[in-house]
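In what follows, a structure is listed as structure tokens, so that the remarks can point back to it.
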Amino acid sequence: MQNVTSESVSIPSYAVVHSLLATKYLAGSGLICVLWDHVLTFKDEVQYIWLRKQLDLVKIIFLMNRYSNEASLIYAAYIFAGLHGPEQLNQQVRYSSMPLTSELTVYMQSCVNFVTVIAVFAVISISTANVFMTLRHYVIWDRRRTAMIALWIAFAISYTIILVLFILTVLDVRKHALYSPILDTCTLSRKSYTLMGIWACMFAFDVFTLILAITNALERPYRHHVDVIINFKRDGAAFFLALTSLRLMNLAFSIWMGPEDTFLVSFFVWGMISLTLSRLILRVEHIRAQTSQTGGTGVHLFEMDQWRVERYDGGY
């Protein structure tokens with residue numbers, strides 16, 4: 001267990017207070033969006049996920065994405081809402097530098113545990129989204145061997161780097177996790193550059209897969225330039241663009257903002273990525289079920305902005 005000292009107590013400035021309050025409300029907003037979307041899509045979840053006869057990879061990915069992420073966001077919202085320490089403890093640390101009490105030590109250790117647990121679940125969430133993303137691109141490329149090799153090599157390289165950076169980030173962040181008795185929540189004393197590296201690796205992987213999607217759309221026979229856009233859109237362009245944009249936001253904030261803003265948009269972005277992936281999986285399964293019912297063997301198309309199946313006798 002990490003030794004907890006008085007330096008682990010944070011007396012925040014006015015700017016830090018604003019940042020932590022913004023983090024608190026954005027984390028709560030992300031959680032509300034995810035839970036509300038869960039309510040809206042629960043009927044489809046039961047139909048296309050829970051009633052599946054076999055426990056396949058799609059079902060595992062969906063359940064891990066939805067329920068582990070919801071648990072993580074609930075935990076984060078609880079931490080940022082306040083660890084509910086005794087009011088006398090807050091008053092003691094706020095106005096003096098009295099020796100640490102056992103209660104304060106517990107809260108500071110809670111902050112250390114928080115960043116560790118959240119980091120582990122974040123990597124699981126990232127991996128879940130990108131495994132499905134890789135498999136989806138493989139299907140879009142008509143299961144070509146070259147596409148499979150390129151995708152899994154990129155996945156292996158990026159996640160080897162991410163795993164190394166993840167270990168370094170956990171070790172680094174655990175040293176700089178602080179407890180703020182005034183706000184009754186957790187913050188960091190310095191920026192984590194290894195965390196920036198993780199966001200950068202994820203963004204690079206997203207850009208690579210986005211380029212693959214564009215390349216796939218360009219390789220298909222088309223009569224007009226607009227056909228390329230149509231092909232790109234029906235391959236799930238909105239999902240890929242949304243995922244890339246959200247992770248770019250994480251990277252940008254980690255580079256340009258201070259240590260108190262480390263989690264400013266992270267949990268909101270986390271929730272939006274989880275929500276988007278859940279809807280994409282349900283949409284693909286909806287189309288698969290419809291096609292199975294109609295006995296179709298044509299090309300199955302999906303668009304992020306509507307539920308539909310289009311059937312073609314051949315070609316594009």
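All residue numbers in the sequence shown are consecutive under the UniProt record's numbering, ending with 316. Every residue gets a Cβ at the ideal spot worked out from N, C-alpha and C, and that includes glycine.
Straight-line gap, residue i to residue j (C-alpha atoms, nearest Å)
i    : j    : result
L248 : I281 : 22 angstroms
L55  : I49  : 9 angstroms
R190 : V170 : 13 angstroms
D172 : V120 : 14 angstroms
I79  : L135 : 35 angstroms
F114 : S13  : 22 angstroms
I182 : K175 : 21 angstroms
P259 : A289 : 47 angstroms
V284 : R145 : 22 angstroms
V16  : L57  : 43 angstroms
A147 : G30  : 34 angstroms
Q47  : S180 : 45 angstroms
D206 : Y107 : 37 angstroms
P99  : L165 : Interpretation of P99 is limited by its pLDDT of 47, a score under 50 that renders its predicted location unreliable; no figure is taken from the coordinates.
A81  : G28  : 8 angstroms
T187 : L151 : 37 angstroms
L63  : L168 : 28 angstroms
H286 : I149 : 28 angstroms
Q306 : T105 : Any reading at Q306 needs caution, since the residue's pLDDT is 35, under 50, leaving its predicted position unreliable; the model's value is listed next. One C-alpha to the other measures close to 52 angstroms.
N69  : C33  : 12 angstroms
A156 : H38  : 31 angstroms
S266 : E45  : 26 angstroms
S192 : A238 : 31 angstroms
N130 : Y67  : 17 angstroms
L218 : L163 : 34 angstroms
Residue i in three-state terms, based on DSSP
i    : result
S13  : coil
L55  : coil
S189 : coil
L178 : strand
V42  : The sequence given here has Phe at residue 42, not Val. DSSP places F42 in helix when its eight states are reduced to three.
V265 : coil
G258 : coil
R144 : coil
L183 : coil
L210 : helix
R311 : Because R311 carries a pLDDT of 38, less than 50, the predicted location of this residue cannot be relied on, and the following value inherits that uncertainty. Note: R311 maps to coil in three-state DSSP.
Q91  : Confidence is the limiting factor: at Q91 the pLDDT is only 46, short of 50, which leaves the residue's position unreliable, though a coordinate-based value still follows. Residue state, collapsed to three classes: helix.
Beta-carbon gap between residue i and residue j smaller than 8 angstroms
i    : j    : result
M257 : L264 : yes
S125 : W270 : yes
N65  : T116 : no
H137 : L212 : yes
S110 : D261 : no
W199 : S245 : no
F240 : T209 : yes
F268 : L26  : yes
T194 : K24  : no
V112 : A71  : no
A204 : S158 : yes
R52  : K59  : yes
T41  : S278 : yes
I74  : F132 : no
L275 : M196 : no
I118 : A76  : yes
I161 : C201 : yes
Terminal residues of the alpha helix (DSSP H) in which residue i lies
i   : result
N69 : 69-81
Any chain C beta carbon closer than 8 angstroms to residue i
i    : result
L168 : The chain inventory of the structure shown lacks chain C, comprising one protein chain alone.
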